[in-house]
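K.L.:
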Amino acid sequence: MLALAESLDAPALTTFKAKGLVSDHHPLGAGVLGRSGTPVASWLMNESDLLLVFGASFSNHTGIAAYKPIVQVDYDPMALGRFHPVTVPVLGHVGVTARILADRLRADRPRANPARIDQRADVAERWAIWRAEKERRLVDDRGSGVNSASVFAALTRQVPDDAVVTVDVGNHAYSFGRYFECSQQSILMSGYLGSIGFGFPAAMGAWAAAPDRPIVAVTGDGGFGQYLAEITTAVKYGMNITHVLLDNSSLGKITKEQRAAHFAVWQRSLHNPDFAAYAELCGAKGTRVESVDQLDGAIAAALAHDGPALVEVITDPELI
Numbered sequence: 034m035l036a037l038a039e040s041l042d043a044p045a046l047t048t049f050k051a052k053g054l055v056s057d058h059h060p061l062g063a064g065v066l067g068r069s070g071t072p073v074a075s076w077l078m079n080e081s082d083l084l085l086v087f088g089a090s091f092s093n094h095t096g097i098a099a100y101k102p103i104v105q106v107d108y109d110p111m112a113l114g115r116f117h118p119v120t121v122p123v124l125g126h127v128g129v130t131a132r133i134l135a136d137r138l139r140a141d142r143p144r145a146n147p148a149r150i151d152q153r154a155d156v157a158e159r160w161a162i163w164r165a166e167k168e169r170r171l172v173d174d175r176g177s178g179v180n181s182a183s184v185f186a187a188l189t190r191q192v193p194d195d196a197v198v199t200v201d202v203g204n205h206a207y208s209f210g211r212y213f214e215c216s217q218q219s220i221l222m223s224g225y226l227g228s229i230g231f232g233f234p235a236a237m238g239a240w241a242a243a244p245d246r247p248i249v250a251v252t253g254d255g256g257f258g259q260y261l262a263e264i265t266t267a268v269k270y271g272m273n274i275t276h277v278l279l280d281n282s283s284l285g286k287i288t289k290e291q292r293a294a295h296f297a298v299w300q301r302s303l304h305n306p307d308f309a310a311y312a313e314l315c316g317a318k319g320t321r322v323e324s325v326d327q328l329d330g331a332i333a334a335a336l337a338h339d340g341p342a343l344v345e346v347i348t349d350p351e352l353i
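In the numbering used here, the protein residues as written are 34 to 353.
(1) Tell me the DSSP bridge mates of GLN300?
(2) Using only the alpha-carbon positions, how far apart do GLY238 and VAL198 sit?
(3) In whole angstroms, what separates the C-alpha of THR275 from that of ALA250?
(4) State the Cα-Cα distance for the pair PRO362 and ASN79, rounded to the nearest angstrom.
(5) For a quick check, are the C-beta atoms of GLY62 and SER56 less than 8 Å apart?
(6) With a CB to CB cut of under 7 Å and the five nearest residues on each side skipped, what residues in its chain are close to ARG139?
(7) State the Cα-Cα distance for the pair ASP245 and THR252, rounded to the nearest angstrom.
(8) Assuming contact is defined by CB atoms lying nearer than 8 Å, are TRP329 and GLN191 in contact in what I supplied?
(9) So, TRP76 versus ARG159, is the Cβ gap smaller than 8 Å?
(10) Tell me whether the stretch 336–349 and the stretch 314–323 touch, counting them as touching only if at least three CB pairs, one residue from each stretch, are closer than 8 Å.
(11) Curious, which full-length alpha helix (DSSP H) runs of at least 4 residues does the stretch 151–180 contain?
(12) Would DSSP call ARG321 helix, strand or coil?
(13) Residues bridged to ASP107 by DSSP?
(14) Quick one: grab the DSSP three-state call for GLU214.
(15) Are ALA187 and ILE332 touching if we call contact CB-CB under 8 Å?
(16) Closer than 6 Å by C-beta to ALA38: which residues in its own chain qualify, once you throw out the five before and the five after it? Chain order, please.
(17) For SER223, which residues of its own chain have a beta-carbon under 6 Å away from its beta-carbon, when the five flanking residues on both sides are left out?
(18) Taking the beta carbon of ASP201 as the centre, do at least 16 other beta carbons fall within 10 Å, making it buried, or is it exposed?
(19) Quick one: Cα of ASP254 to Cα of THR71, how far?
(20) GLN218: buried (16+ other C-beta within 10 angstroms of its C-beta) or exposed?
(21) Quick check on the DSSP output: the beta strand (DSSP E) that includes GLY238 runs from which residue to which?
(22) Looking at C-alpha atoms only, which residue of ASP326, HIS126 and PRO350 is the closest neighbour of GLY203?
(23) Name the DSSP beta bridge partners of HIS276, please?
(24) Which of the three DSSP states is assigned to VAL197 in this structure?
(25) Determine the contact status of ARG175 and LEU352, defining contact as a CB-CB distance below 8 Å.
(26) For MET111, which option in ALA196, ALA99 and GLY88 has the closest C-alpha, if you only look at C-alpha atoms?
(27) Nearest to TYR100 by CA position, among SER81, ARG115, VAL106 and ALA310, is which residue?
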C-alpha cells in the first residue's frame with residue numbers, strides 16, 4: 034500500500050485500529066483519520082479528489098467522507114458498500130490488489146498525467162500546523178493534573194521504535210490516537226466499544242509473544258482498576274512491561290458520552306488507590322507523576338527498569 038501511495042504521490046491515512054502501520058514520519062504519512070485522529074488526516078481527506086480505501090470498515094468512529102468518489106478494496110464481499118454505496122467496489126486481497134495497482138501505475142508512467150501533484154509538501158505543511166498546535170497545548174494547566182498532550186509528547190520522545198504499545202479503552206485512547214507519533218512501533222488495541230480493561234492484559238500477552246521487545250501499556254484508571262491484581266502475575270514472571278497509567282479519578286469517556294447525549298453527569302467518579310504505591314507493594318517499580326516536568330524522567334526510568342514498572346500520571350479529565 035505504501036508503494037502504491039508513493040507511485041501516486043498521495044497521502045496515506047489510517048483508521049485508528051491501523052495506527053502505526055504507516056509511520057507518522059513517512060513523507061506521505063498523514064496519521065489517523067476520525068475522532069481519535071489528527072487534523073492532518075481530516076484536512077487531506079476533505080481536499081482529496083478520490084479516496085482509495087483498503088480494508089476499512091467505514092465506521093462512524095473513522096468518518097470516511099461518503100460524498101467523495103470511493104474505490105473500496107476488501108476480500109470480504111459483505112464489506113463492500115456495507116455502510117454506504119461506494120463508487121467502485123473491488124473484491125480482492127489488500128496486499129495483492131495494491132501491488133497490482135502499483136505495478137500497473139509504474140508500467141503506465143510514460144503516459145501518466147504530467148500535471149499530477151506531489152502532495153508531500155501538503156502533508157509536511159499540515160504536520161507543521163498540527164505540531165505547532167500540539168506545542169501550544171503543552172502549556173494547558175487548570176491546576177487539576179497534567180494535560181494529555183504533554184503525556185503523549187513525552188511518550189513519543191521516550192518509547193523505543195521497536196516497542197509494542199497496547200492501549201485500553203477511554204479518553205486516553207483518543208488522546209493516544211491524536212497525539213502520539215508512531216515511528217515503527219506495533220500498536221495493539223481491542224477495537225471500539227465494550228472492551229475496557231484490555232490494555233494491561235494485552236501487554237502481558239505481548240510480552241509472552243515477544244519478550245525481547247520493549248512492551249508499553251497505556252491505560253486509564255478505569256480500565257486498569259478492573260485487572261488490578263494482574264500486576265502480581267507480571268511480577269511473578271518478571272514481565273518487562275512499562276505501564277503508563279493516566280489517572281483522572283473518573284470514567285472520563287462515560288462523562289463525555291453523557292454530556293454529548295445531554296444527560297447529567299452521573300456515577301462516573303472513581304475512588305482510586307495510590308496506584309504507584311500499589312505497584313510497589315506488589316513488587317513492581319511504581320512512580321507517581323503530578324507535574325509535566327516529571328514525565329520524561331519517570332518514563333525513561335520505567336523503561337530502563339528490568340521487570341514490571343508502573344508510572345501513574347495524575348491527569349486533568351478535561352485536557353484530553
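Every residue, glycine too, gets a C-beta built ideally from N, C-alpha and C.
In this text, all values refer to a predicted model and were calculated from it rather than measured experimentally.
P.N.:
According to the data block:
(1) None, per the DSSP bridge assignment.
(2) One C-alpha to the other measures close to 12 Å.
(3) Using only the alpha carbons, I get a separation of about 6 Å.
(4) Shown here, the chain extends from 34 to 353; a query on residue 362 therefore has no answer.
(5) Against a cut-off of 8 Å, the Cβ pair of SER56 and GLY62 comes out as a contact.
(6) For ARG139, where only same-chain residues beyond five positions count, the Cβ hits under 7 Å are SER40.
(7) Taking the straight line joining both Cα atoms gives about 22 Å.
(8) The question names Trp, but residue 329 in the sequence shown is Asp. Yes; because the gap between Cβ atoms is below 8 Å, this pair is in contact.
(9) The Cβ-Cβ distance between TRP76 and ARG159 falls below 8 Å.
(10) Inter-segment contact for the stretch 336–349 and the stretch 314–323 is present: three or more beta-carbon pairs are separated by less than 8 Å.
(11) Counting only runs of 4+ residues, the alpha helix (DSSP H) found wholly inside the stretch 151–180 occupies 153–170, in chain order.
(12) It is a strand residue.
(13) Answer is LEU124, bridged to ASP107.
(14) In this structure, GLU214 counts as coil in the three-state DSSP scheme.
(15) In this structure, ALA187 lies near ILE332, with their beta-carbon atoms less than 8 Å apart.
(16) Closer than 6 Å at the Cβ level, and outside the excluded window around ALA38, lie ALA45 and LEU61.
(17) Same-chain partners within the cutoff: PHE231.
(18) ASP201 is buried by the Cβ-count criterion.
(19) Using only the alpha carbons, I get a separation of about 24 Å.
(20) Around the Cβ of GLN218, a 10 Å sphere holds 16 or more other Cβ atoms; the residue is buried.
(21) Careful: GLY238 lies outside any beta strand (DSSP E), inside the alpha helix (DSSP H) at 232–242.
(22) Among ASP326, HIS126 and PRO350, the Cα nearest to that of GLY203 belongs to PRO350.
(23) Beta-bridge pairing links HIS276 to ALA250 and LEU343.
(24) Strand at VAL197.
(25) Closer than 8 Å, so yes.
(26) Selected option, being the one with the closest Cα: GLY88.
(27) Comparing Cα positions, the closest option is SER81.
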